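The sequence shown begins at 1 in my numbering and counts up by one. From the three backbone atoms N, C-alpha and C, an ideal C-beta is built for every residue, glycine too. All values reported here derive from a predicted model rather than from experimental measurement. Only one structure is covered here, and it is reproduced in the block below.
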Amino acid sequence: MSVVLGLALGAGLVLVWSSFWPAQPGREGRPDGWAARTQDRLIQAGVRGVTPAGLVGTAVGLGVVVAVIGAGLSRSVAIGLAFGVIASRAPFALVAQRAARRQAAMRDVWPEVVDNLASGIRAGLSLPEAVAQIGERGPEQVRPAFAAFAADFRVSGRFSDCLDQLKERLADPVADRIVEALRITREVGGTDVGRLLRTLSNFLREDARTRGELEARQSWTVNAARLAVAAPWIVLAMLATRGANAAAFNTATGVTVLVAGGAATVVAYRLMIRLGRLPEDARVLR
């Protein structure tokens, strides 16, 4: 009971502290905080119809279920709570993994998209027509978003608004750059958009090749670090199958060991992520 009260007190203090830091408004008053980043991550992962609040609810529900099952099997509330906290992180990790995998695939797609845009403009198509034809002739991964743009433009005829909706569907920094380049060209005119798109295409290909080489070299190191972080908790799960071992964690000393081990795991994992993270483009043109 004391552990539950401590967790509730900690959660309350975090909520009070966060209330003093309101979210900063982004472009056109849209929030640019955790909720916006999480929504972008969900879109990048291909999870449609799920909100950040829904993701949090799923994580909490999963954590509670695992905590109850773990406590029932091990006869230790502390062990159940520990594995409940670990399980509550699983939905976020799954979304992040899917988003990273899809973004890696999209890095090879964007140069082709830019080439199709440049070809359409060079062939004399208007900007809306050049963007809309990606929904028919572009790569399979982006056709639905561009087909939706074409449908929106046929209905409203407002190019700028349709570009904003396209950006929201793609939720990608590269798409933001392309969209803003097209918006500026549409609004102020210019004859260098073809050259700009060709330069961007070459840059994206170089970036994809370099990043692919770096990720291939560091993948084994990151996987080994993740295994090292998970190993103590796998051992704990094995020990919890014996009643005498699990009973030891019902004491104050056992709870302290679990809390200290959890804190060390979080610090080590975050340090590993920080050291192994490659630079990522932010959506500064959201």
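Just checking my contact of Val113 with Ser88 at CB under 8 Å: how many whole Å lie between their CB atoms? Wrong, their Cβ atoms sit about 37 Å apart, outside the cutoff.
Cα separation between Arg211 and Asn202?
14 Å
Would you mind sorting Asp40 into buried or exposed? The rule is 16 or more other CB atoms within 10 Å of its CB. buried
Taking DSSP as the reference, what is the three-state secondary structure of Phe153?
helix
What separation, rounded to the nearest whole angstrom, lies between the Cα atoms of Asp176 and Leu125? 21 Å
- Apart from the five residues just before and just after Gln141, which ones in its own chain have a Cβ nearer than 6 Å to its Cβ? Val109
How big is the Cα-Cα spacing for Arg287 and Ala36? For the chain, the structure presents residues 1 to 286; residue 287 sits outside this window and is missing.
- Message: At the level of alpha carbons, what is the spacing between Thr199 and Glu129?
- Response: 21 Å
*Please state whether DSSP places Leu200 in a helix, a strand or coil.*
helix
What does the alpha-carbon distance come out to for the pair Ala118 and Leu227?
45 Å
On the three-pair Cβ rule with 8 Å, is the segment 143 to 156 touching the segment 82 to 98? no
| said: Distance check for Ala100 and Leu278, CA to CA, integer angstroms please. | reply: 12 Å
(Q) Looking at the secondary structure, which residues open and close the alpha helix (DSSP H) in which Leu166 lies? (A) 159 to 170
Mapping DSSP to helix, strand and coil, what is Asp108? coil
Suppose you measure from the CA of Gly276 to the CA of Gln218; what does that come to, to the nearest Å? 7 Å
Legend entry - Residue of Phe92, Val65, Arg48 minimising C-alpha distance to Trp34: Phe92
Taking only runs of the alpha helix (DSSP H) that begin and end inside the segment 234 to 280, which ones reach a length of at least 4 residues, in chain order?
243 to 248, 252 to 276
message = Would Gln133 and Gly120 be called neighbours here (beta carbons separated by less than 8 Å)?
response = yes
*asked:* Please report the distance separating the alpha-carbon of Arg274 from that of Arg122.
replied: 43 Å
- Query: Does the beta-carbon distance from Ala105 to Val255 come in below 8 Å?
  - Reply: no
Requested in this report: Report the option in Leu170, Arg107, Arg209 whose CA atom is closest to the CA atom of Gly135.
Outcome: Leu170
(request) For Leu196, collect the residues of the same chain with a Cβ closer than 8 Å to its Cβ; drop the 5 residues on either side in sequence, then sort them by chain order. (result) Ala181
So is Asp207 in contact with chain B if we call contact Cβ pairs under 8 Å?
Judged by its chain identifiers, the structure shown contains no chain B, having just a single protein chain.
When the Cα atoms are used, what is the spatial distance from Asn116 to Leu94?
33 Å
Problem set entry | Top-ranked residue by Cα proximity to Val64, from Ile43, Leu42, Ala45, Ala90 | Ala90
| task | Count the other C-beta atoms from every protein chain shown that fall within 10 angstroms of the C-beta of Ala67, then say buried if there are 16 or more, exposed otherwise. | result | buried
*From the DSSP output, in three-state form, read off Pro52 for me.*
helix
**Q.** Helix, strand or coil at Pro139 [DSSP, three-state]
**A.** coil
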